[in-house]
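Taken in sequence, the protein lines are chains L and C.
Counting from 1, position 64 in the first sequence corresponds to residue 64 in the numbering used here; the numbering is continuous, with no gaps.
Counting from 1, position 161 in the second sequence corresponds to residue 365 in the numbering used here; the numbering is continuous, with no gaps.
Here is the structure we will look at, set down as structure tokens.
2 protein chains.
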Amino acid sequence: MTKKEIIIESAIKLFSTKGFEGTSVREIATDAEVNVAMINYYFGSKEKLFENVVEYRTSFLRGVFSELVNNKTLSQIEKVDFMIEQLIERKFSDAKFSRLLHREMSLELRPQMRNAISNILLRNIDSVKTIIRNGIKCGEFQSVDIELTVTTVVGTIHYLLTSDTMCQKILGKKEGFSPFKSKQLKKRLSDHTKQLMRSHLLKK
Amino acid sequence: MTKKEIIIESAIKLFSTKGFEGTSVREIATDAEVNVAMINYYFGSKEKLFENVVEYRTSFLRGVFSELVNNKTLSQIEKVDFMIEQLIERKFSDAKFSRLLHREMSLELRPQMRNAISNILLRNIDSVKTIIRNGIKCGEFQSVDIELTVTTVVGTIHYLLTSDTMCQKILGKKEGFSPFKSKQLKKRLSDHTKQLMRSHLLKK
DNA sequence: AAAATTATTAAACATTTGTTTAGTTTTAAA
DNA sequence: TTTAAAACTAAACAAATGTTTAATAATTTT
């Protein structure tokens with residue numbers, strides 16, 4: 001790992017848990033075991049570092065679902081199942097960073113940042129919409145509100161993992177429970193969401 | 205309105221849009237047209253002001269659903285419908301403040317604050333759980349994951365209103381579109397969520 | 001090996017931060 | 001009307017903030 005990457009990793013960790021304005025560049029520098037000036041040397045500013053953080057962590061996940069749309073061997077509901085699994089997999093592997101992105105979205109600061117993040121978060125939404133639309137068109141699914149159905153899937157997964165405290169209280173778990181380390185919860189969420197979509201989408 | 209309330213109102217506005225650490229006490233003072241020292245005079249500290257803000261804005265909505273549980277005239281699914289309408293109503297009337305609470309939840313700062321907020325956000329969850337549990341027990345509903353079903357309802361509503369930008373992009377609206385000023389969207393979200401819960405909960 | 005570029009450092013810079021002080025005005029009580 | 005308490009102000013405080021500077025060390029290029 002280059003020193004630049006070490007700084008980015010520290011920034012991800014701290015921004016994710018304490019927020020952008022809640023984290024000082026000196027904290028980042030200390031965590032990365034680097035001189036404070038290196039941050040501005042490499043990135044120019046704290047805000048540009050943030051942009052680098054987002055780019056660094058999201059660049060690899062582009063259009064995962066685009067090929068799924070054209071797949072001929074799977075039924076539409078199987079595609080939905082697959083998509084749900086993928087979304088949950090990603091969320092569990094990166095829950096804290098996901099929280100950072102959503103937190104930034106909910107702020108009315110840095111409009112260009114917000115715009116970039118929303119594009120990242122919605123990168124696969126069009127594919128999902130298309131799958132549901134195709135399902136309706138070919139008669140496999142009943143007529144539903146496509147956009148809000150997508151919102152339900154993403155919203156369910158996201159809300160459960162908004163915070164550890166929240167998740168614990170919703171599920172009635174003890175304080176020590178770590179949501180996104182629990183394979184059992186992952187399975188449970190996956191089962192629920194799939195079942196929900198089956199009863200919502202499939203014709204009776 | 206007392207001067208104390210004026211300060212709280214300004215704090216709500218600014219904390220909601222710019223976050224807690226993103227807002228300075230001087231900004232609040234300016235917005236409230238008050239001397240900076242008044243904030244510490246009345247509240248002691250910026251953080252205590254935050255606590256006052258949360259208390260001030262949430263004190264009136266205690267246990268709205270508790271009576272609904274014992275209602276004998278409504279069927280269980282009608283109770284779910286009512287509950288959905290209430291949740292949406294509240295979210296639309298106070299979306300920015302709700303964002304503030306969820307943002308604070310997603311941060312790993314101020315644990316006692318996080319704990320208080322989660323209690324507020326989950327104040328009605330138990331009632332909702334009970335309604336679904338009763339619906340299952342009396343045979344009106346099929347067996348579902350109760351906790352995650354609640355998560356789906358709340359998560360759908362919340363996610364759609366995470367941010368204006370997000371909502372616009374999910375729905376394919378133009379930039380000017382103001383989600384929580386749209387009665388049409390409110391109706392649409394209500395219809396979707398009710399339909400979703402009916403197909404998920406009711407026996408076939 | 002000399003020169004030039006890049007990386008790194010400690011220190012300083014200028015603002016901004018939340019908070020406090022000490023004094024003044026206003027209001028209410030005696 | 002005097003007195004005491006509360007409300008309010010401008011200024012100062014100390015600490016923290018993001019950023020820059022100027023100098024040195026390390027590396028690469030010529």
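Note that CB positions come from ideal geometry on N, CA and C, so glycine has one too.
6 angstroms CB neighbourhood of residue i in its chain, flanking five on each side removed
i	result
C:Glu225	none
C:Lys208	Tyr246
L:Gly135	Gln76 and Phe141
L:Phe15	Thr23 and Leu100
Cutoff 8 angstroms; reference residue i; Cβ partners in own chain excluding five residues on either side
i	result
C:His396	Thr360
C:Lys295	Ser302, Ile361, His362, Leu365 and Phe384
C:Arg266	Arg327
L:Arg133	Ile146
Proximity to residue i [Cα-Cα], best of the options
i	options	result
C:Cys342	C:Ile281, C:Ile321 and C:Ala320	C:Ile281
L:Arg198	L:Gln142, L:Ala116 and L:Glu89	L:Gln142
L:Ala95	L:Lys204, L:Met1, L:Leu201 and L:Lys186	L:Lys186
L:Ala11	L:Ala29, L:Thr2 and L:Met1	L:Ala29
C:Ser331	C:Glu351, C:Met242, C:Arg314 and C:Leu313	C:Glu351
L:Glu89	L:Val25, L:Glu67, L:Arg188 and L:Phe15	L:Arg188
L:Thr23	C:Glu255, C:Phe264, C:Val238 and C:Leu313	C:Leu313
L:Ser163	C:Thr277, C:Lys217 and C:Leu311	C:Leu311
C:Lys217	C:Thr206, C:Thr277, C:Arg261 and C:Thr369	C:Arg261
L:Gln209	L:Ile6, L:Leu196 and L:Lys48	No answer is possible for residue 209 of chain L: the residues shown for chain L start at 1 and end at 204.
Chain-order list of residues whose beta-carbon lies under 7 angstroms from that of residue i (same chain, five-residue window excluded)
i	result
L:Leu121	Leu101
L:Val64	Gln86 and Asn124
L:Met219	With chain L represented from 1 up to 204, any question about residue 219 of chain L goes unanswered, as that position is not in the structure.
C:Val273	Ser331, Thr334 and Ile335
L:Asp81	Lys194
L:Val25	Val36, Ile39 and Lys46
L:Asn52	Ile8 and Phe43
Element boundaries [alpha helix (DSSP H), containing residue i]
i	result
C:Arg337	Ile329 to Lys341
C:Gln316	Pro315 to Leu325
L:Ala37	Ala37 to Phe43
L:Ala32	No alpha helix (DSSP H) contains L:Ala32, which DSSP labels as neither H nor E.
C:Phe254	Lys250 to Thr262
L:Asp94	Element bounds for L:Asp94: n/a, residue is neither H nor E.
C:Glu271	Ser270 to Asn274
L:Gly155	Ile146 to Leu160
Three-way DSSP call (helix, strand, coil) for residue i in this model
i	result
L:Leu185	helix
L:Phe177	coil
C:Phe219	helix
C:Leu400	helix
C:Phe345	strand
L:Leu74	coil
C:Leu406	strand
C:Glu308	helix
C:Met205	coil
Integer-rounded CB distance, given that residue j should sit under 8 angstroms from residue i
i	j	result
C:Val348	C:Leu405	6 angstroms
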